[in-house]
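Enquirer:
Residue numbers (full-length UniProt numbering): 1 to 45.
1. According to DSSP, is residue 35 part of a helix, a strand, or is it coil?
2. Measure the alpha-carbon distance for residue 24 versus residue 37 and round it to whole angstroms.
3. My output table needs one value for residue 19: the three-state DSSP class, helix, strand or coil.
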């Protein structure tokens with residue numbers, strides 16, 4: 001529940017600062033980071 005609250009607060013902050021472009025950019029960066037970490041874990045094994 002706390003994690004969702006942090007996400008909501010950061011989402012509101014990013015939206016107020018950068019608007020929809022900032023939100024989409026942050027989501028793309030998050031997805032890219034997750035994919036990159038998965039490929040790193042695959043290469044380690």
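Quick reminder that beta carbons are idealized off the backbone N, C-alpha and C, glycines included.
Expert: The relevant details are as follows:
1. Collapsing the DSSP output to three states places residue 35 in a helix.
2. Here the C-alpha atom of residue 24 lies approximately 20 angstroms from the C-alpha atom of residue 37.
3. Per DSSP, reduced to three states, the secondary structure at residue 19 is coil, with no helix or strand assignment.
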